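*Asks:*
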Amino acid sequence: ARCVDLSACPLERLNLLSMPNIRVTVRVRPLSDREIARDSHPCIKVQEGTQINVVDPDDKMGGLDYLRLDKHRDKAYAFDCALDTDISQQQVYECTTKDAIRGVVKGTNACCFAYGATGSGKTYTMTGTTNAPGVIPLTVEGLFQEIEASGQNITTTMQYVEIYNEVVKDLLDPAPKMTNLDVRENPRQGTFVAGAATLQVRSRAAVEDLLAQGNMYRTTSATLCNEVSSRSHAVLQLQLETHQEDGAKAIGKLALIDLAGSERATKTENRGERLNEGANINRSLLALANCI
Numbered sequence: 167a168r169c170v171d172l173s174a175c176p177l178e179r180l181n182l183l184s185m186p187n188i189r190v191t192v193r194v195r196p197l198s199d200r201e202i203a204r205d206s207h208p209c210i211k212v213q214e215g216t217q218i219n220v221v222d223p224d225d226k227m228g229g230l231d232y233l234r235l236d237k238h239r240d241k242a243y244a245f246d247c248a249l250d251t252d253i254s255q256q257q258v259y260e261c262t263t264k265d266a267i268r269g270v271v272k273g274t275n276a277c278c279f280a281y282g283a284t285g286s287g288k289t290y291t292m293t294g295t296t297n298a299p300g301v302i303p304l305t306v307e308g309l310f311q312e313i314e315a316s317g318q319n320i321t322t323t324m325q326y327v328e329i330y331n332e333v334v335k336d337l338l339d340p341a342p343k344m345t346n347l348d349v350r351e352n353p354r355q356g357t358f359v360a361g362a363a364t365l366q367v368r369s370r371a372a373v374e375d376l377l378a379q380g381n382m383y384r385t386t387s388a389t390l391c392n393e394v395s396s397r398s399h400a401v402l403q404l405q406l407e408t409h410q411e412d413g414a415k416a417i418g419k420l421a422l423i424d425l426a427g428s429e430r431a432t433k434t435e436n437r438g439e440r441l442n443e444g445a446n447i448n449r450s451l452l453a454l455a456n457c458i
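What follows is the structure, encoded as structure tokens:
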């Protein structure tokens, strides 16, 4: 718990403090080409933009289970925001990170990560394509627009690392010496990756160029569930340092994370190295769930 003297806070700061600490958004992806070829059909429906209804397909026995005709196992789950298959990348950004940008510029910390099973569309949602940029490029663009609108002297730096088989590797400096970095913490910097390259950036284009460079070294591989499966967690951390007139500094951090997907060996049919990767991915995702 943290005690805050609200009487000493300006109105804008009070508004930031009143925002919810955690927002959970779920996005439903359309059927893949492989699923369409198997004559699969959707079993998830979005209701009123906040609820997901999961329909029991009732085909576990290869057809209708006549002993269960009067029963069903349909489920309903509520979220802060539920997005259907026809939602654009811009709408995803507006439902997720847009509201956090102003707080980061004011000196607070924020984090956004894509979590889900392998092949669920996490990398597409976070990174996107040239014609449909994802949450990361849209957030970076909004961040620099907010910095420009603030009129303050703000220095922005970035780190980009991946966590592969529980080992942290610098994607901006892929030299062998940068493949087993330590995560440390101190009162001034907070949590940081020691030894990772920290580069100053001044625009969305600069960040995208560095991300494209780093993604060339990110570990991916084909599995039965995903032809381009991310085998590592990719972490982009932007740090904003505001230089105030009295010499003080306000530091805000924004972490944008594309997690590797959880997977079942019986579904992916992975063997050898791929199987070991999957075990490490699931272990780290379990640790994340325990933290939450």
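To convert, take the position in the sequence shown, counting from 1, and add 166; that gives the numbering used here. No residue lacks a Cβ here, since even glycine has one placed at the ideal position from N, Cα and C. Bear in mind the structure is a predicted one, so any value in this text is a computation, not a measurement.
(1) Identify the residues that DSSP records as bridge partners of Q213: which are they?
(2) Could you round the C-beta distance between A248 and V301 to whole angstroms and report it? I think they count as a contact, below 8 Å.
(3) Nearest to A371 by alpha carbon, out of H399, Q217 and P299?
(4) Quick one: what does DSSP say A455 is sitting in, helix, strand or coil?
(5) Taking a contact to mean a Cβ-Cβ separation below 8 Å, would you say I267 touches E312 in this structure?
(6) For F245, list the residues DSSP reports as bridge partners.
(7) Which of helix, strand or coil does DSSP assign to E314?
(8) In angstroms, rounded to a whole number, what distance separates the CA positions of V334 and S398?
(9) In the DSSP assignment, find the beta strand (DSSP E) that holds E411 and state where it starts and stops.
(10) Output the distance between the C-alpha atoms of T357 and E351, rounded to the nearest integer angstrom.
(11) Taking a contact to mean a Cβ-Cβ separation below 8 Å, would you say K288 touches G427 in this structure?
(12) Just checking my contact of L402 with Y326 at CB under 8 Å: how many whole Å lie between their CB atoms?
(13) Consult DSSP for K335 and reduce its assignment to one of helix, strand or coil.
(14) Straight-line CA distance for L390 to S316?
(15) Comparing C-alpha positions only, which one of A453, P353 and L337 sits nearest to L347?
(16) Please look up how many angstroms separate the CB atoms of D240 and V221, rounded, as I've assumed it's under 8 Å.
(17) Leaving out five residues before and five after T263 in sequence, what residues of the same chain have Cβ atoms less than 7 Å from its Cβ?
(18) What is the C-beta distance between A400 and I423, in whole angstroms, given that I count them as a contact (C-beta under 8 Å)?
(19) What do you reckon, are the CB atoms on V373 and V359 nearer than 8 Å?
(20) Inspect the beta-carbon positions of N297 and N446 and report whether they are closer than 8 Å.
(21) Assuming Y290 is part of the alpha helix (DSSP H), what are its boundary residues?
(22) Could you tell me which residues DSSP pairs with R193 in its beta bridges?
(23) How about L190 and D246: do their beta carbons lie closer than 8 Å?
(24) Taking only the alpha-carbon atoms, compute the straight-line gap between T291 and T251 and give it to the nearest angstrom.
(25) Put T321 into one of helix, strand or coil per three-state DSSP.
(26) What number of angstroms, rounded off, separates the C-alpha of E443 from the C-alpha of N319?
(27) Check this for me: beta carbons of T408 and G273, under 8 Å apart or not?
*Replies:* Reading it off the structure:
(1) Numbered from its first residue, the sequence shown carries residue 213 at position 47. Answer is Q217.
(2) Position 82 of the sequence shown, counted from the first residue, corresponds to residue 248. Position 135 of the sequence shown, counted from the first residue, corresponds to residue 301. So it is not a contact: roughly 16 Å between Cβ atoms.
(3) Here the question's residue 371 lines up with position 205 in the sequence shown. Among H399, Q217 and P299, the Cα nearest to that of A371 is on P299.
(4) In the sequence shown, residue 455 corresponds to position 289, counting from 1. Correct three-state label for A455: helix.
(5) Position 101 of the sequence shown holds residue 267. Position 146 of the sequence shown holds residue 312. Yes, the Cβ-Cβ distance between I267 and E312 is below 8 Å.
(6) As a working note, residue 245 is residue 79 in the sequence shown. Looking at the DSSP assignment, F245 forms no beta bridge with any residue, so it has no partner.
(7) Taking the sequence shown and counting its residues from 1, one reaches residue 314 at position 148. Of the three classes helix, strand and coil, the one that applies to E314 here is helix, per DSSP.
(8) Within the sequence shown, the letter at position 168 stands for residue 334. Within the sequence shown, the letter at position 232 stands for residue 398. Their backbone Cα atoms lie some 10 Å apart in a straight line.
(9) As a position in the sequence shown, residue 411 is number 245, starting the count at 1. It is not in any beta strand (DSSP E) - E411 carries neither H nor E in the DSSP assignment.
(10) The residue labelled residue 357 in the question sits at position 191 within the sequence shown. The residue labelled residue 351 in the question sits at position 185 within the sequence shown. Roughly 4 Å separates the two Cα atoms.
(11) Residue mapping note: residue 288 aligns to position 122 of the sequence shown, counting from 1. Residue mapping note: residue 427 aligns to position 261 of the sequence shown, counting from 1. Yes; because the gap between Cβ atoms is below 8 Å, this pair is in contact.
(12) For the purposes of this step, residue 402 is taken as residue 236 along the sequence shown, with counting starting at 1. For the purposes of this step, residue 326 is taken as residue 160 along the sequence shown, with counting starting at 1. That belief holds up - the Cβ atoms of L402 and Y326 are roughly 5 Å apart, short of 8 Å.
(13) Numbered from its first residue, the sequence shown carries residue 335 at position 169. Here K335 sits in strand by DSSP.
(14) As a first step, residue 390 must be located in the sequence shown, where it is residue number 224. As a first step, residue 316 must be located in the sequence shown, where it is residue number 150. The predicted model places L390 with a pLDDT of 45, which falls under 50 and marks its position as unreliable, so this point remains unresolved.
(15) Here the question's residue 347 lines up with position 181 in the sequence shown. Ranking A453, P353 and L337 by Cα distance to L347 puts L337 first.
(16) On the sequence shown, position 74 is the one that residue 240 refers to. On the sequence shown, position 55 is the one that residue 221 refers to. Sure, about 5 Å apart at Cβ, within 8 Å.
(17) Taking the first residue of the sequence shown as 1, we reach residue 263 at position 97. C278, V301 and T305, listed in sequence order.
(18) Position 234 of the sequence shown, counted from the start, is the residue given in the question as residue 400. Position 257 of the sequence shown, counted from the start, is the residue given in the question as residue 423. Between I423 and A400 the Cβ distance is about 7 Å, and since that is below 8 Å, they are a contact.
(19) Sequence index remark: in the sequence shown, residue 373 carries index 207 (1-based). Sequence index remark: in the sequence shown, residue 359 carries index 193 (1-based). The answer is no: Cβ separation not under 8 Å.
(20) To locate residue 297, count along the sequence shown from 1; it is residue 131. To locate residue 446, count along the sequence shown from 1; it is residue 280. No; because the gap between Cβ atoms is not below 8 Å, this pair is not in contact.
(21) Numbered from its first residue, the sequence shown carries residue 290 at position 124. First-last of the alpha helix (DSSP H) with Y290: K288 to M292.
(22) Here residue 193 refers to the residue found at position 27 of the sequence shown. In DSSP, R193 forms a bridge with L249.
(23) The residue labelled residue 190 in the question sits at position 24 within the sequence shown. The residue labelled residue 246 in the question sits at position 80 within the sequence shown. First, the residue type needs correcting, since residue 190 is Val and not Leu in the sequence shown. Yes, they are a contact pair.
(24) Working through the sequence shown from its first residue, we reach residue 291 at position 125. Working through the sequence shown from its first residue, we reach residue 251 at position 85. So the alpha carbons of these two residues sit roughly 12 Å apart.
(25) Taking the first residue of the sequence shown as position 1, residue 321 is located at position 155. In this structure, T321 counts as strand in the three-state DSSP scheme.
(26) For the purposes of this step, residue 443 is taken as residue 277 along the sequence shown, with counting starting at 1. For the purposes of this step, residue 319 is taken as residue 153 along the sequence shown, with counting starting at 1. So the two alpha carbons sit approximately 43 Å from each other.
(27) Working through the sequence shown from its first residue, we reach residue 408 at position 242. Working through the sequence shown from its first residue, we reach residue 273 at position 107. For T408 and G273, yes; Cβs fall inside 8 Å.
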